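First comes the structure, then the notes that go with it.
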Amino acid sequence: MKLNKVLLLTFAIGVFFTSCSNDDDAPIVPKGDYENGILVVHEGNFGQGNASVSFVTFDLNTVENDVFNNVNGDLLGDTAQSISFNGDLAYIVLNVSNKIEIVNRYTFESVATIDTGLNNPRYIAFYDGKGYVTNWGDGTNVNDDYVAVIDLSTNTLASTIISVEEGPEEIVVSGNTIYVAHQGGFGQNNKISIINGPFNALDKTITVGDVPNSLQLDSSGNLWVLCGGKPSWTGDETGGQLFKINTTDNTFTSMDFGGTEHPNFLSFENGSIYYYLGGSVYKMDGTATALPTSAEITGLSFYNMTVHDGILYGVDAKDFTSNGSLTSYDLSTNSETNTATVNIIPGGIYFN
Amino acid sequence: MRHIFIIWLLAVGFSNVAVAQLDSIQKLEEVFLSDGKLVQYAAGSKVEQLNDSIIAKNPVSLTGLLSFNSNLYFKENGFGMVSSPSFRGTNASQTAVIWNGININSQLNGQTDFNTMNVTNFDVIDIRSGGGSVQYGSGAIGGSIHLGNSLEFNSHFDNSIRLSYGSFNTKMTNASSSFGNSKFSGNVNIAYVDSDNDHKYLGTDRVNENGEFDNLNLNVNLGYFISDNDVLKLYHQSYNGSRNFSGTLVAPSNSKYEDENYRTMLEWTRISGAVSSKLKAVHLHEKFKYFENKDNNIFSFGKVNTFILNHNFNWRLSNTLQFRSILEFNQFNGGGSSFGDSERSAFSATALINHRPSKNLEYNVNVRKDFTSDFNNPLLFSVDAAYRVSNLYIIQFNGSKNFRIPTFNDLYWQPGGNLSLEPESSYQLDLGHNFRFKSLNINLNTYYITTKDLIQWRPDNTGVWQPINVAKSHSYGVELEGQSTLKFRNHTFTFSGHYSYTVSENLETNKQLIYVPFHKGNLSMAHSFKSFSMFYQQLFNGEVFIIGNDLDGFNVANIGMGYELNKKGKVGYNVNFRVNNLYNKNYQNVALRPMPNRNYQILTTIKF
């Protein structure tokens, strides 16, 4: 992908000279090769050490795979679960490697690696100079799950960990409160842990629907929790539920899906909720009192999706041993705009 | 080992033994070999035998022995870790492992882990290339590996104790005793291996951190002539192992794996005139426990108990025509953390005909049908022939239909287990040329295998992984092997080499399958002079594809030397020194799992 870099450099020089000719504007210098585009994080295969991050331009016409490896000359690790951003830094959480790679989000140059104190880390969120990392502990042990606390100034783990219920997964921060969804690890759980930020301790745990798989904050102080329900193979199938938690007093309301419906991949943009259910994408107004009955887009096969600037981006992991794809859909027309081939098992889509 | 030699002569084609002697030889085979059909009904199949002197040179690991001395390719997760064999572009569950005539591939995953087998347990190892499901059942698609024990019915009492110490604090001990007279014979072998296995990761400042293992093997084989025509034999093998599973270069591991295998077979052979019958009752037990965290007592497990009744009936209609029927009943009882208690039963009927219409031509026609409680099985067949063109040149041909049945994991694993699976089925053709010169043997084989309904685990539309009969593949290639023995005065030199070129493609994508090297070869050389002996062996394993990438090939060598003290006395001592990975190559057999750096081993044997 040298061409890409040359183009960017040309563009940068062009911008530089254009800028210089106009003394009123400060020069706009790109922050790195990977600014203005999409980052796709790939799990890769469990145990095969082929996790990766791809950079894709917004139009999906240019793809650079293995960005971390290209920049740092090192393998990223095993099973990249998620990326979270804090300022100019990107924190890539590697589940099977038990580590977090910290890179500059625009240049992808390695800044630090945290590889102690983590055990099956999943997601990270930031509050008051600290990073909060959800950890399953041993996947087979239901009693050792925790949230690790990282001092962001030294990138070291604090000595205290916050013990939580089985299978902590997504984590978000709202004001002084940190919310953790307990999808349940290898099993199924139905809890949200609420951590008091200033006290750096678990405040309480509330029960939601089975398998809370995604969290989204809206602009009016609500936390939306999408619960997938228990799958049929458990012999105890339950339908999905959508919870809306008021973050000021943690009271909530909920809506029920059908008993065999298992929604996932919640997104929120401009007052609307988006989710994926049975190969289709549904849209609901944030003020609606009932779930939508008809889908926006059907016939999809997503391993994850997200909505950004009116565009829906979905990744397909195909047969999990071939290259996956990233596809974009214009939500004003619900039509596909472009598709790009990415790496093995794309699992997350982020915007830079 | 004289009878083994005779059998070897037969196996390689046609001996010059007069027809009159054949009767008694075949009687010997029925008595000595639990698996007589490997010799008598295999004229058109390539069978390579590793004799006890090759086995004795490679006591460290069965994986090492076979990868340096045959066409087999091993996927080994590191020294002592899980190691699975395959050849001719197939995979480990398409490679049958046969213990004294009985298929012992795991009912859970369809494979045999060769690092759970101790080399010293076996007297003879045969590698039968090409499809063999008619004789050996599920999984004999690429070929089969036969691990055998022999009982000698003559007056003897031989004992040996072997002690070995090597790098990474690797200790190996084994004691064996063989005893008998003309009516009774027995041998007992006990072997223990223990290693810290903390070898260097060459090119880094790290070591293999979670690789320690130990295992205990016990082998007991007994035989007794109840009458002149009846022999009763008991074979038993126990394995108990505990291994920490090493991590990879990018993923640490804290896991542990404990497994046990118990195999017991009671066999009654009756020979009267042209008719012989063999009744076997077999119990196989396999069990594993997997601890994600070795410091915790939380584990998942799986186990299967297999009961087999097998009857072989062989009828020699004339000196040139014989017939064999095999009836086998199997009952499998499994259980585990990921599936409840489940059972299945299987019955198979096999008919084999061996005909030698002329001195130079021999052929076999075989059919088999299996009946399994969970799924339908195809009718299997094989036809093979050998033609002696001249005293120096034999042509071998075989064609067969073979299968692999779904495993317990495929059928019952929760979630995903799929009860609507069908067996994988496969056709294969094989053409072989054998050249036998005075001190040089050369085999050249070409083959074609096509397999459909390959069972692969893929996620369904709800994200649950499920096995389905989905892919088709074909493989074809060339195998070349040669052996030569030269003697001058007191010097004996033996050379052997194998090379295989393998194309194995997924017919959906037309891409070479992962972990199938296009090129694999080995060379070994041994020299003995009076009490002194030495060997050198080299393995070349070509580049392989892995998921989304490729893994570099490697070239590694071992060297060893030995000296025999007190050769003529009643008590013999033997000292051997061995260097593995002589050139200290940094190599990986499986991606991101570095193999050991150069390492040393000293070995002493006392025979009395």
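Just so you know, the protein sequences line up as chains A and B, in that order.
Mapping of the first sequence onto my numbering: residues 1436 to 1787, in sequence order.
Mapping of the second sequence onto my numbering: residues 279 to 886, in sequence order.
Idealized CB from N, CA, C, for every residue including glycine.
This structure is a prediction, so every number in the text was calculated from the model and none was measured.
Original post:
Is the CB-CB distance between B/N495 and B/I468 below 9 angstroms?
Top reply: Along the second sequence, read from residue 1 onward, the residue named residue 495 of chain B stands at position 217. Along the second sequence, read from residue 1 onward, the residue named residue 468 of chain B stands at position 190. Yes; because the gap between Cβ atoms is below 9 angstroms, this pair is in contact.
**OP:** For A/G1512, decide whether its Cβ has a neighbour in chain B, counting only Cβ atoms nearer than 9 angstroms.
**Re:** The sequence position of residue 1512 of chain A within the first sequence is 77, counting from 1. It does: the Cβ of A/G1512 has a partner Cβ on chain B nearer than 9 angstroms.
Original post:
Expressed to the nearest angstrom, what Euclidean distance is found between the alpha-carbon atoms of B/S433 and B/F457?
Top reply: As a first step, residue 433 of chain B is located in the second sequence; it is residue number 155 there, counting from the start. As a first step, residue 457 of chain B is located in the second sequence; it is residue number 179 there, counting from the start. Spanning the two alpha carbons is a distance of roughly 7 angstroms.
Subject >> Beta carbon proximity, B/F607 to chain A, threshold 9 angstroms >> reply: Along the second sequence, read from residue 1 onward, the residue named residue 607 of chain B stands at position 329. Closer than 9 angstroms: no.
Original post:
In terms of DSSP beta bridges, what is B/D708 paired with?
Top reply: Counted from its first residue, the second sequence places residue 708 of chain B at position 430. B/D708 is bridged by DSSP to B/N676 and B/Y725.
Original post:
Does the beta carbon of A/N1457 come closer than 9 angstroms to any beta carbon on chain B?
Top reply: What you label residue 1457 of chain A is simply residue 22 of the first sequence in a count that begins at 1. Reliability of the predicted coordinates at A/N1457 is poor, the pLDDT of 48 falling under 50, and no value is obtained from them.
Original post:
Do B/N475 and B/G356 have their CB atoms nearer than 9 angstroms?
Top reply: Along the second sequence, one-based indexing puts residue 475 of chain B at 197. Along the second sequence, one-based indexing puts residue 356 of chain B at 78. Contact: yes.
Original post:
Per DSSP, what kind of secondary structure is A/F1678 in: helix, strand or coil?
Top reply: Numbered from 1 along the first sequence, position 243 holds the residue referred to as residue 1678 of chain A. DSSP places A/F1678 within a strand segment (E or B) once states are collapsed to three.
Original post:
Under 9 angstroms between C-beta atoms, does B/I733 make it to chain A?
Top reply: Within the second sequence, residue 733 of chain B is the residue found at index 455, counting from 1. No, B/I733 lies away from the interface with chain A (no Cβ there is under 9 angstroms from its Cβ).
Original post:
Would you call the CB atoms of B/R484 and B/I884 closer than 9 angstroms?
Top reply: Your numbering for residue 484 of chain B matches position 206 in the second sequence. Your numbering for residue 884 of chain B matches position 606 in the second sequence. The answer is no: Cβ separation not under 9 angstroms.
Subject >> Backbone CA spacing between B/N294 and B/L764 [nearest angstrom] >> reply: Residue numbering aside, residue 294 of chain B sits at position 16 when the second sequence is read from its first letter. Residue numbering aside, residue 764 of chain B sits at position 486 when the second sequence is read from its first letter. Any reading at B/N294 needs caution, since the residue's pLDDT is 37, under 50, leaving its predicted position unreliable; the model's value is listed next. Straight across, the Cα-Cα distance linking B/N294 with B/L764 is about 22 angstroms.
**OP:** Write down the C-beta distance between A/N1656 and A/Y1562 rounded to the nearest angstrom, noting that I regard them as a contact closer than 8 angstroms.
**Re:** Along the first sequence, read from residue 1 onward, the residue named residue 1656 of chain A stands at position 221. Along the first sequence, read from residue 1 onward, the residue named residue 1562 of chain A stands at position 127. Looking at the sequence provided, one finds Gly at residue 1656 of chain A rather than Asn. Contact between A/G1656 and A/Y1562 fails: their C-beta atoms lie close to 16 angstroms from each other, not under 8 angstroms.
**OP:** For the stretch 810–844 of chain B, enumerate the residues whose C-beta is nearer than 8 angstroms to any C-beta of chain A, in chain order.
**Re:** Answer in chain order: I824, I825, G826 and N827.
Original post:
If we call anything under 9 angstroms between Cβ atoms a contact, is B/G367 one with B/S751?
Top reply: Within the second sequence, residue 367 of chain B is the residue found at index 89, counting from 1. Within the second sequence, residue 751 of chain B is the residue found at index 473, counting from 1. Their beta carbons are under 9 angstroms apart, which means B/G367 touches B/S751 by this criterion.
Subject >> Beta-ladder partner(s) of B/G947, from DSSP >> reply: Beyond the ends of chain B as shown, which are 279 and 886, falls residue 947 of chain B; an answer cannot be given.
Original post:
Who pairs with B/H477 in a beta bridge, going by DSSP?
Top reply: As a first step, residue 477 of chain B is located in the second sequence; it is residue number 199 there, counting from the start. Its beta-bridge partners do not exist; DSSP assigns none.
**OP:** Compare the C-beta of B/P737 against all C-beta atoms of chain A and say whether one is closer than 9 angstroms.
**Re:** Here residue 737 of chain B is taken as the residue at index 459 of the second sequence, counted from 1. Look at B/P737: its C-beta is under 9 angstroms from a C-beta on chain A.
Original post:
Quick one: does A/G1602 have its CB under 9 angstroms from some CB of chain B?
Top reply: The residue you call residue 1602 of chain A lines up with position 167 of the first sequence. Output row for A/G1602: interface = no.
Original post:
A/E1499: buried (16+ other C-beta within 10 angstroms of its C-beta) or exposed?
Top reply: Counting from 1 along the first sequence, the entry for residue 1499 of chain A is found at position 64. Looking at its Cβ environment, which holds 16 or more other Cβ atoms inside 10 Å, A/E1499 is buried.
Original post:
Any C-beta of chain A sitting closer than 9 angstroms to the C-beta of B/T526?
Top reply: Here residue 526 of chain B is taken as the residue at index 248 of the second sequence, counted from 1. At least one C-beta of chain A is nearer than 9 angstroms to the C-beta of B/T526.
**OP:** Tell me whether A/N1739 sits in a helix, a strand or coil according to DSSP, three-state version.
**Re:** Here residue 1739 of chain A corresponds to residue number 304 of the first sequence, with the count starting at 1. The three-state reading of DSSP puts A/N1739 in strand, counting E and B together.
Original post:
Quick one: is B/K534 buried, meaning 16 or more other Cβ sit within 10 Å of its Cβ, or exposed?
Top reply: Position 256 of the second sequence, counting from 1, holds the residue named residue 534 of chain B. Counting of Cβ neighbours within 10 angstroms places B/K534 among the buried residues, the total reaching 16 or more.
Original post:
Are B/P693 and A/T1756 closer than 9 angstroms when you measure CB to CB?
Top reply: Sequence index remark: in the second sequence, residue 693 of chain B carries index 415 (1-based). Sequence index remark: in the first sequence, residue 1756 of chain A carries index 321 (1-based). For B/P693 and A/T1756, no; Cβs fall outside 9 angstroms.
**OP:** Work out the CA separation of B/G755 and A/G1795 for me, nearest whole Å.
**Re:** As shown, chain A starts at 1436 and ends at 1787. That puts residue 1795 of chain A outside it, with no answer to give.
Original post:
With burial defined as no fewer than 16 other Cβ atoms inside 10 Å of the residue's Cβ, what is the status of B/Y878: buried or exposed?
Top reply: Reading the second sequence from its first residue, position 600 is the one you call residue 878 of chain B. Exposed: under 16 other Cβ atoms inside 10 Å.
Subject >> chain A residues whose Cβ lies nearer than 8 angstroms to that of B/I692 >> reply: Your numbering for residue 692 of chain B matches position 414 in the second sequence. Before going further, note that residue 692 of chain B is Gln rather than Ile in the sequence given. Under the 8 angstroms cutoff, chain A gives W1668.
Original post:
From B/F365, B/F653 and B/G695, pick the residue whose C-alpha is nearest to that of B/Y793; which is it?
Top reply: On the second sequence, position 515 is the one that residue 793 of chain B refers to. Of the candidates B/F365, B/F653 and B/G695, the one whose C-alpha sits nearest the C-alpha of B/Y793 is B/F365.
Original post:
Can you find a CB in chain B that lies within less than 9 angstroms of the CB of A/I1779?
Top reply: Here residue 1779 of chain A refers to the residue found at position 344 when the first sequence is read from its first residue. Under the Cβ criterion of 9 angstroms, A/I1779 is counted among the residues facing chain B.
Subject >> C-beta atoms of A/Y1581 and A/V1599 nearer than 9 angstroms >> reply: Taking the first sequence and counting its residues from 1, one reaches residue 1581 of chain A at position 146. Taking the first sequence and counting its residues from 1, one reaches residue 1599 of chain A at position 164. Cβ distance < 9 angstroms, so A/Y1581 and A/V1599 count as in contact.
Original post:
How is A/W1668 classed by DSSP in three states: helix, strand or coil?
Top reply: For the purposes of this step, residue 1668 of chain A is identified with residue 233 of the first sequence, where counting begins at 1. In the structure shown, A/W1668 sits in a helix (DSSP, three-state: H, G or I).
**OP:** Might you give, ordered along the chain, the residues of its own chain that have their beta carbon closer than 8 angstroms to the beta carbon of B/I880, omitting 5 neighbours on each side?
**Re:** Here residue 880 of chain B corresponds to residue number 602 of the second sequence, with the count starting at 1. Excluding residues within five positions, the ones whose Cβ falls inside 8 angstroms are S442, Y443, G444, V853, N854, F855 and R856.
Original post:
Per DSSP, what kind of secondary structure is B/S445 in: helix, strand or coil?
Top reply: Locating residue 445 of chain B in the second sequence gives position 167, counting from the first residue. Reduced to three states, the DSSP call for B/S445 is helix.
Original post:
Smallest Cα separation from A/T1612: which of A/S1588, A/I1779, A/F1543 and A/D1684?
Top reply: Locating residue 1612 of chain A in the first sequence gives position 177, where the first residue counts as 1. Between A/T1612 and the set A/S1588, A/I1779, A/F1543 and A/D1684, the nearest pair of CA atoms involves A/D1684.
Original post:
Whose Cβ in chain A lies nearer than 9 angstroms to the Cβ of B/E570?
Top reply: The residue given as residue 570 of chain B occupies position 292 in the second sequence. Per Cβ cutoff of 9 angstroms: D1573, G1574, T1575 and N1576.
**OP:** Flag B/A529 as yes if its beta-carbon sits less than 9 angstroms from any beta-carbon of chain A, otherwise no.
**Re:** Here residue 529 of chain B refers to the residue found at position 251 of the second sequence. Closer than 9 angstroms: yes.
Original post:
For B/S578 and chain A, any beta-carbon pair shorter than 9 angstroms?
Top reply: Taking the second sequence and counting its residues from 1, the one referred to as residue 578 of chain B is at position 300. Chain A, which has a Cβ nearer than 9 angstroms to the Cβ of B/S578, makes this yes.
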